[in-house]
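Visitor: Mapping of the sequence shown onto this note's numbering: position 175 corresponds to residue 175, and the numbering continues sequentially without gaps.
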Amino acid sequence: MVVTGERLSNGNHVQRHVGGFVDIHCHILPGIDDGARDRAEAIDMARLAQDQGTVTIVTTPHNFPRSHQSVLEESQYRVGLLSRAVAEHNLNVTLLSGQEIRITNRLKEQLESGDGVTINATRYVLTEPPFNSAPDYVYEQVEAIIALGYRPVLAHPERNTIIQKDPDIVRRLIAKGALTQLNTGSLFGHYGPGSREAGEYLLQQEMMHVIATDAHGSTGNRVPNMRDGFDRVAELTDEARAWALARDNPLAITEERDVPYRPIIGVVAAEAGGSTGS
Numbered sequence: 001m002v003v004t005g006e007r008l009s010n011g012n013h014v015q016r017h018v019g020g021f022v023d024i025h026c027h028i029l030p031g032i033d034d035g036a037r038d039r040a041e042a043i044d045m046a047r048l049a050q051d052q053g054t055v056t057i058v059t060t061p062h063n064f065p066r067s068h069q070s071v072l073e074e075s076q077y078r079v080g081l082l083s084r085a086v087a088e089h090n091l092n093v094t095l096l097s098g099q100e101i102r103i104t105n106r107l108k109e110q111l112e113s114g115d116g117v118t119i120n121a122t123r124y125v126l127t128e129p130p131f132n133s134a135p136d137y138v139y140e141q142v143e144a145i146i147a148l149g150y151r152p153v154l155a156h157p158e159r160n161t162i163i164q165k166d167p168d169i170v171r172r173l174i175a176k177g178a179l180t181q182l183n184t185g186s187l188f189g190h191y192g193p194g195s196r197e198a199g200e201y202l203l204q205q206e207m208m209h210v211i212a213t214d215a216h217g218s219t220g221n222r223v224p225n226m227r228d229g230f231d232r233v234a235e236l237t238d239e240a241r242a243w244a245l246a247r248d249n250p251l252a253i254t255e256e257r258d259v260p261y262r263p264i265i266g267v268v269a270a271e272a273g274g275s276t277g278s
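1. Alpha carbons only, please: which of Pro-224, Leu-202, Gln-69 is nearest the one belonging to Thr-237?
2. Mark Thr-219 as exposed unless 16 or more other C-beta atoms lie within 10 angstroms of its C-beta, in which case mark it buried.
3. Measuring CA to CA, which of Val-22, Trp-243, Tyr-77, Thr-54 is closest to Phe-64?
4. Once you ignore the five residues that flank Glu-79 on each side, which residues in its own chain have a CB closer than 8 Å to its CB?
5. From what residue to what residue does the beta strand (DSSP E) around Phe-21 run?
6. For Ile-146 versus Lys-176, is the C-beta spacing smaller than 8 Å?
7. Does the Cβ-Cβ distance between Leu-107 and Thr-122 come in under 8 Å?
8. Taking the C-alpha atoms as reference points, what is the distance between Phe-21 and Gly-194?
9. Excluding the 5 residues preceding and the 5 following Pro-250 in the sequence, name in chain order all residues of the same chain whose CB lies nearer than 6 Å to its CB.
10. Since Asn-221 and Gly-185 are thought to touch, with beta carbons under 8 Å apart, how far apart are those beta carbons, to the nearest angstrom?
11. Kindly give me the distance between the Cβ atoms of Glu-112 and Leu-148, rounded to whole angstroms, as I take these residues to be in contact under 8 Å.
12. Which residue from Val-117, Asp-228, Glu-143, Glu-200 puts its Cα closest to that of Ile-174?
13. Alpha carbon to alpha carbon, how far is Ala-198 from Thr-161? Give it in angstroms, no decimals.
14. Got a sec? Which residues, its chain only, sit under 6 Å from Thr-56 by beta carbon, not counting five neighbours each side?
15. If you draw a straight line from the alpha carbon of Asn-225 to that of Ala-155, how long is it in whole angstroms?
16. Check this for me: beta carbons of Val-223 and Gly-229, under 8 Å apart or not?
17. Distance, Cα to Cα, Met-208 vs Gln-181?
18. What did DSSP end up calling Tyr-58 once you bin it into helix, strand or coil?
19. Anyone know if the C-beta pair for Ile-119 and Thr-254 falls short of 8 Å?
20. Evaluate Glu-88 with the Cβ neighbour count: other Cβ atoms within 10 Å of its Cβ, from every protein chain shown; 16 or more gives buried, anything less gives exposed.
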């Protein structure tokens, strides 16, 4: 794969891979949760994703049906089925296993027991914080799973109503070692003005590491729209940052590498007790 260099507006130099977007949060596996209803809709989602320039999708349902298989085996089996269907429709999109795992006070136990699917079987795990609270166990569980060697990626923190009022919560979680994922839809107001304002603020304060679609279907607002999200990030920051968040960082996550773009601003301010305000 060809690699070139780009310089971000803050002076950081990052490598970028010449290729398409990598979407690490997408509810494309059919018939499992509130995502794709059936295989036909999943194919339509893959087609939309390809049209938007996406080459890789991490499939991230909330849960998996209980069977004799482990959740990882169940995930890989279902990803295999859908991958074959995608190929039969002449779509060039790679699907990887994953899961969006809610942060509860038993997240550490869940991962230790194997009752959860990480991103492409790496140590990166997509974790979903609560929407309307910021309990202490979120910090505790993030620290606990990092101690186990996992690397949490916090899904759409901009949608949390407490974070919308106090974005320094994200800064503190970054300081503990978490990465953050911004929903593309948040930048277009699909979840309301609070999510949009928080998303733009966190993005411009360099407290977002990845953008992803969190797509749930082939119609409506929650569709695979990585190109739209890329364009909006470039508009709000710069094109180099957009490539870092839409391609280079998520690609590194799927390959279990350190992300090339990880600004230290969030960590430094948190350790210094700084405040951003809202």
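For every residue, glycine included, the Cβ atom is placed at its ideal position computed from N, Cα and C.
Guide: The short version:
1. Leu-202
2. exposed
3. Tyr-77
4. According to the sequence shown, residue 79 is Val rather than Glu. For Val-79, where only same-chain residues beyond five positions count, the Cβ hits under 8 Å are Leu-29, Thr-59, Leu-95, Leu-96, Ser-97.
5. 21 to 26
6. yes
7. no
8. 27 Å
9. Val-22, Ile-24, Val-210
10. 6 Å
11. 7 Å
12. Glu-143
13. 9 Å
14. Val-22, Thr-94
15. 17 Å
16. no
17. 6 Å
18. A quick correction: the sequence has Val, not Tyr, at residue 58. Here Val-58 sits in strand by DSSP.
19. yes
20. exposed
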